[in-house]
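Q: Sharing a structure with you now.
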Amino acid sequence: MSSKTIPPWLARLKHEWLLLLFAALAVLLACIDPQPWRRYQDWLQVPTLCGLLGLMIAIQGICESGWVQRMAGMLVACMHSLRGVGLLLVSMTAVLSMALTNDVSLFLMVPLTVAIGGMSNLPVLRMAVLEALAVNAGSTLSPIGNPQNLLIWQHAQIPFVQFIGHLLPVSAVMFAMVALLTWFWLPKARVELQRDKLDGHPVSTSLAALSMLALVLMVVMMERSRAPLGVALLIVSFALFSRRTLRSIDWWLMATFAAIFVGLGHFAALPIVNHALGRIDFTRPWTLYVSGIVSSQLISNVPATVLLLQRAPDAMALAVAVNVGGFGVVIGSLANLIALRLAKQPHGMRLFHEVSIPFLLVCAALVYALMRLLA
54 MSSKTIPPWL
64 ARLKHEWLLL
74 LFAALAVLLA
84 CIDPQPWRRY
94 QDWLQVPTLC
104 GLLGLMIAIQ
114 GICESGWVQR
124 MAGMLVACMH
134 SLRGVGLLLV
144 SMTAVLSMAL
154 TNDVSLFLMV
164 PLTVAIGGMS
174 NLPVLRMAVL
184 EALAVNAGST
194 LSPIGNPQNL
204 LIWQHAQIPF
214 VQFIGHLLPV
224 SAVMFAMVAL
234 LTWFWLPKAR
244 VELQRDKLDG
254 HPVSTSLAAL
264 SMLALVLMVV
274 MMERSRAPLG
284 VALLIVSFAL
294 FSRRTLRSID
304 WWLMATFAAI
314 FVGLGHFAAL
324 PIVNHALGRI
334 DFTRPWTLYV
344 SGIVSSQLIS
354 NVPATVLLLQ
364 RAPDAMALAV
374 AVNVGGFGVV
384 IGSLANLIAL
394 RLAKQPHGMR
404 LFHEVSIPFL
414 LVCAALVYAL
424 MRLLA
């Protein structure tokens, strides 16, 4: 078949290597370890997928309304140095992740960063990598900052303030590292505005209002465990008022998440995996710490939390481990993948790993030393 006759979706699929990898894993595991359909439904995590889709719809609408570009222009006009812009953006990303969760923070901040990069000399890909690191650092502090913290908080029945107090030193070390990396990695230069792109974005007030309302509705529905209903309402609303927004959604990203959830969920449930875990002594702090980090690199930190939570004698020590494990490889935290896909920059995966893996090694050593010092 010649390249001219290849359907566009098939040509695009060849570049979706992460989707192909985890789809192949899911199919392979289904062949060697078939399970009832109900288990696949559990691994698929439909409410989580619906929540992500709803957030993507709302943020895509905000971007297409021109509001993000207008805010980007106002922000850049007030700043003088690239390092100053970078520190402001990673700080905003980290703070938002404490209250709005890591994925919501990225859905808000990465499009803003892309818009700023489109009208200035800000390096967008570097900022996307930094913001992925920043949400891991910021969301570590809050019981509701990310899914793994929420699981551990509900399991351990620890007071909200006590949870924050326990993870404050860890989150502080993480964010200090992100801030230092931002300062030294971004160019020491002034912001150069491209004036012709500063005010050229028309703003649709109606679409902006609909999208902001959709974002608030989706967050509320996710908090009430009604994400499928929330995304259904958003699809109907945007189908009536802005079909272009629905057509612009990154459906490949949704398919990638589905493949990751099923593939990693099945892998974590394999008898051989559970048998191997049964032979590990999790009462030893170093063993639990390393296990949480390594398992996060293999199956992402949320499945790793589910896998280890019943075996870990110290839930807060596990929280430290799986949050540190959000750094490193891209699937350590699915927020990493969200940041790179929203940025839409070439060679993003390679640059991310060149930075994030050394970041994990240094952060893991510093955090462990800190926790032993405070013990």
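Numbered per our numbering, the sequence shown spans residues 54 to 428. No residue lacks a Cβ here, since even glycine has one placed at the ideal position from N, Cα and C.
Of all the options A357, E276 and L186, which has the alpha carbon lying nearest to the alpha carbon of V148?
A: Taking the sequence shown and counting its residues from 1, one reaches residue 148 at position 95. Checking every option, the nearest Cα to that of V148 belongs to L186.
Q: Among all the DSSP beta bridges, which residues are the ones paired with S134?
A: Taking the sequence shown and counting its residues from 1, the one referred to as residue 134 is at position 81. Partner(s): R243.
Q: Where do the ends of the alpha helix (DSSP H) carrying H406 lie?
A: On the sequence shown, residue 406 is found 353 positions in, with the first residue counted as 1. Run containing H406: G401 to L427, per the alpha helix (DSSP H) assignment.
Q: How many whole angstroms separate the CB atoms of M145 and M162, which I take to be in contact at a CB cut-off of 8 Å?
A: Locating residue 145 in the sequence shown gives position 92, counting from the first residue. Locating residue 162 in the sequence shown gives position 109, counting from the first residue. Right, the Cβ-Cβ distance comes to about 6 Å (below 8 Å), so this counts as a contact.
Q: When you compare only the Cα positions, how much space is there between D303 and L426?
A: For the purposes of this step, residue 303 is identified with residue 250 of the sequence shown, where counting begins at 1. For the purposes of this step, residue 426 is identified with residue 373 of the sequence shown, where counting begins at 1. About 45 Å.
Q: Please state if the CB of F160 and the CB of A190 are separated by a distance shorter than 8 Å.
A: In the sequence shown, the residue the question calls residue 190 occupies position 137. In the sequence shown, the residue the question calls residue 160 occupies position 107. Contact: no.
Q: If we count the other Cβ atoms within 10 Å of its Cβ and call it buried at 16 or more, is L63 buried or exposed?
A: Taking the first residue of the sequence shown as position 1, residue 63 is located at position 10. The residue is exposed, with fewer than 16 neighbouring Cβ atoms inside 10 Å.
Q: From V408 to D367, what does the alpha carbon distance come to, in whole angstroms?
A: Locating residue 408 in the sequence shown gives position 355, where the first residue counts as 1. Locating residue 367 in the sequence shown gives position 314, where the first residue counts as 1. Approximately 30 Å between the Cα atoms of the pair.
Q: Should A365 go down as buried or exposed, given a rule of 16 or more other Cβ atoms within 10 Å for buried?
A: Translated into positions along the sequence shown, residue 365 becomes position 312. That one is buried.
Q: Which residue wins for smallest C-alpha separation from V11, given the options T166, L268, A111 and L282?
A: Here the chain comprises residues numbered 54 to 428, so residue 11 is not present and cannot be evaluated.
Q: Could you tell me which of S173, L128 and L142 sits nearest to Q247, measuring between CA atoms?
A: As a position in the sequence shown, residue 247 is number 194, starting the count at 1. Of the candidates S173, L128 and L142, the one whose C-alpha sits nearest the C-alpha of Q247 is S173.
Q: In angstroms with no decimal places, state the Cα-to-Cα distance between L390 and H406.
A: Taking the sequence shown and counting its residues from 1, the one referred to as residue 390 is at position 337. Taking the sequence shown and counting its residues from 1, the one referred to as residue 406 is at position 353. Looking at the two C-alpha atoms, the distance is approximately 12 Å.
Q: So what's S144 in DSSP terms, helix, strand or just coil?
A: For the purposes of this step, residue 144 is taken as residue 91 along the sequence shown, with counting starting at 1. Note: S144 maps to helix in three-state DSSP.
Q: Could you give the DSSP three-state label for I333: helix, strand or coil?
A: Against the sequence shown, residue 333 aligns to sequence position 280. In this structure, I333 counts as coil in the three-state DSSP scheme.
Q: Can you have a look at E276 and say buried or exposed, based on whether 16 or more other CB atoms are within 10 angstroms of its CB?
A: Here the question's residue 276 lines up with position 223 in the sequence shown. It counts as exposed.
Q: Figure out for me which residue from V359, P338 and V80 has the closest Cα to the Cα of A428.
A: Residue 428 sits at position 375 when you count from the first residue of the sequence shown. For A428, the nearest C-alpha among the options comes from P338.
Q: What residue ranges within the region 82-108 form continuous alpha helix (DSSP H) runs of no fewer than 4 residues, ordered along the chain?
A: Those alpha helix (DSSP H) runs which fall completely within the region 82-108 and span 4+ residues are 90-97.
Q: Among R297, Q207 and S348, which residue has its Cα nearest to the Cα of M369?
A: Taking the first residue of the sequence shown as 1, we reach residue 369 at position 316. It is Q207.
Q: Which term fits F237, buried or exposed, when burial requires 16 or more other beta carbons within 10 angstroms of its beta carbon?
A: By 1-based counting over the sequence shown, the position of residue 237 is 184. With fewer than 16 other Cβ atoms within 10 Å, it is exposed.
Q: Check the C-beta distance from A372 over to L220 and give it rounded, since I have them as a contact under 8 Å.
A: By one-based count along the sequence shown, residue 372 stands at place 319. By one-based count along the sequence shown, residue 220 stands at place 167. Contact flag correct, Cβ pair sits at about 6 Å.
Q: Would you say the region 282-296 touches the region 96-113, given that touching needs at least three Cβ pairs under 8 Å?
A: Flag = yes, the region 282-296 and the region 96-113 touch.
Q: Taking V377 and V420 to be in contact with their CB atoms under 8 Å, please state how far apart those CB atoms are, rounded to whole angstroms.
A: For the purposes of this step, residue 377 is taken as the residue at position 324 of the sequence shown. For the purposes of this step, residue 420 is taken as the residue at position 367 of the sequence shown. 5 Å between Cβ atoms; contact.
Q: Candidates M180, M132, M127 and W305: which alpha carbon is nearest L72's?
A: Taking the first residue of the sequence shown as 1, we reach residue 72 at position 19. For the residues M180, M132, M127 and W305, the minimum Cα distance to L72 belongs to W305.
Q: Going by DSSP, what residue range makes up the alpha helix (DSSP H) through L183?
A: For the purposes of this step, residue 183 is taken as the residue at position 130 of the sequence shown. L183 -> alpha helix (DSSP H) spans V177 to S192.
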